[in-house]
Amino acid sequence: MTPVLVTGAAGFIGFHLARRLLDDEQEVVGLDSMNEYYDLRLKEARLEQLVRRKGFRFVKLDLADREATARFFAELRPAQVAHLAAQAGVRYSLQHPHAYGQSNLVGFLNVLEGCRSSQSVHLVLASTSSVYGANPELPFSEHHSVDHPISLYAATKRADELMAHSYSHLFGLPITALRFFTVYGPWGRPDMALFLFTRAMLEGRPIEVFNHGRSARDFTYVDDIVEAFVRVMERPPKADADATRLLCDPAASTAPFRIYNIGQQSPVPLMRMIEVLETCLGVQAEKQFLPQQPGDVAITYADVGDLERHTGFRPRVSIEEGIPRFVSWYREFYGV
911 MTPVLVTGAA
921 GFIGFHLARR
931 LLDDEQEVVG
941 LDSMNEYYDL
951 RLKEARLEQL
961 VRRKGFRFVK
971 LDLADREATA
981 RFFAELRPAQ
991 VAHLAAQAGV
1001 RYSLQHPHAY
1011 GQSNLVGFLN
1021 VLEGCRSSQS
1031 VHLVLASTSS
1041 VYGANPELPF
1051 SEHHSVDHPI
1061 SLYAATKRAD
1071 ELMAHSYSHL
1081 FGLPITALRF
1091 FTVYGPWGRP
1101 DMALFLFTRA
1111 MLEGRPIEVF
1121 NHGRSARDFT
1131 YVDDIVEAFV
1141 RVMERPPKAD
1151 ADATRLLCDP
1161 AASTAPFRIY
1171 NIGQQSPVPL
1181 MRMIEVLETC
1191 LGVQAEKQFL
1201 PQQPGDVAIT
1211 YADVGDLERH
1221 TGFRPRVSIE
1231 EGIPRFVSWY
1241 REFYGV
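Sequential numbering of the sequence shown, starting at 911, is according to this note's numbering.
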């Protein structure tokens, strides 16, 4: 069996995807640079869970290293590639812009070249709802224009989508891009709001509530993300001969390339998320209300109709179910 390559396997979503594929008795090669964007101990703990499993092999590699990445793809020749390695975070991009160029642009170009040279059957790319940027039309649809990103992170991920489309068109490489909406759950990223709020509240510190609490997010539980990802991986896109659709539909393509949103399709006010977290922790949060952060979108709201039509699945886990699961993991992992 040809192994599935999961890049960013020590990251939040990459870890969950790799674990799911192993549960499905797939062989997995997990790749990660193990950078220090956040606490390495969390990444190492995720990786420790994976290396114990039969069928998993780990490779430490920085995808921005062109020669090393080319050698790796030449040796492995993966048929399926789940690309989750990226420099994430909107706010981090304000102070560390070059990290996004190296990881999200140079690194992804090397992945595209690797997939082309190894004639991969399907590349599935993790993108983000941040690409919708200043788009005022809700819910966000793949058929909307995404030409106005408001953060460098969003701009690099949109560039990834465009680079992927060009490779799909030029070389017939089947590629699917998935736009994730505010993913949360056990083993999550420490820079995300739910994680930051939980830590602060348990330590008796105030939480920073941006946009004066008037934001809303399409919070999507990680298991729903993984389920959709797996279903999409099993369905490589095919070319669409109807070139006339290109004139009016940004989601159309004559190449074997598609884009899908993965979101709850139910934006939750930030203050409601805090209420649920307070109930789970048994702690009343001290709130420090602050202005909107540069690069942040006030509301995210996914239209997942295309995903449901393509895979028969739509995310189902509400925050009333998902947040208690996160809190239970957090208490156990950190011994709180």
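Think of the CB as a built atom: it goes at the ideal place given N, C-alpha and C, for glycine as much as any other residue. Only a predicted model underlies this, so the values are computations on that prediction, with no experimental measurement involved.
One or two residues paired with residue i in a DSSP bridge
{"i": "G940", "result": "V916, F968"}
{"i": "I1209", "result": "A1126"}
{"i": "L1035", "result": "H993, A1087"}
Distance between beta carbons of residue j and residue i, contact taken as under 8 Å
{"i": "F863", "j": "G1114", "result": "Missing from the structure shown is residue 863; the chain here goes from 911 to 1246 and no further."}
{"i": "D942", "j": "G921", "result": "7 Å"}
{"i": "H1155", "j": "A1165", "result": "Position check: residue 1155 holds Arg in this sequence, whereas His was assumed. Not confirmed; about 12 Å, so no contact."}
{"i": "F1129", "j": "T1092", "result": "5 Å"}
{"i": "V1142", "j": "L1088", "result": "6 Å"}
{"i": "I993", "j": "L1035", "result": "A quick correction: the sequence has His, not Ile, at residue 993. Right, their Cβ atoms sit about 5 Å apart."}
{"i": "H1053", "j": "P1160", "result": "6 Å"}
{"i": "T1210", "j": "S1013", "result": "With 8 Å as the limit, T1210 and S1013 do not qualify as a contact, their Cβ atoms being about 23 Å apart."}
{"i": "V991", "j": "L1019", "result": "Incorrect: roughly 14 Å between the Cβ atoms, too far for contact."}
Residue i to residue j span [Cα, whole Å]
{"i": "S1238", "j": "A996", "result": "28 Å"}
{"i": "I1117", "j": "V1178", "result": "18 Å"}
{"i": "G1232", "j": "V1021", "result": "33 Å"}
{"i": "F1106", "j": "Y1010", "result": "The residue asked about is misnamed: residue 1106 is Leu in this sequence, not Phe. In a straight line, the C-alpha of L1106 is about 23 Å away from that of Y1010."}
{"i": "F983", "j": "H1079", "result": "21 Å"}
{"i": "G918", "j": "V1140", "result": "16 Å"}
{"i": "R987", "j": "S1228", "result": "39 Å"}
{"i": "Q1194", "j": "F1167", "result": "47 Å"}
Own chain partners of residue i with C-beta closer than 6 Å, once the 5 adjacent residues on each side are dropped
{"i": "M1181", "result": "G1123"}
{"i": "L931", "result": "V914, V938"}
{"i": "R1145", "result": "none"}
{"i": "L957", "result": "A920"}
{"i": "P1007", "result": "L1062"}
{"i": "G1043", "result": "H1058, P1059, I1060, A1064"}
Cβ shell of residue i (< 8 Å), same chain only, five flanking positions each side left out
{"i": "V1214", "result": "Y1170, N1171, I1172, G1173, Q1175, R1224, P1225"}
{"i": "R981", "result": "none"}
Contacting residues, own chain, Cβ-Cβ under 7 Å from residue i (five flanking each side not counted)
{"i": "D972", "result": "S943"}
{"i": "V892", "result": "There is simply no residue 892 to check, as the chain begins at 911 and stops at 1246 in what is shown."}
{"i": "V961", "result": "F968"}
{"i": "A1126", "result": "P1177, V1178, P1179, L1180, I1209"}
Assess, as a yes-or-no matter, whether the stretch 1019-1026 is touched by the stretch 920-939 under the definition of 3 or more beta carbon pairs within less than 8 Å.
no
Segment contact flag, the stretch 1057-1070 with the stretch 1182-1196, C-beta cutoff 8 Å, min 3 pairs
no
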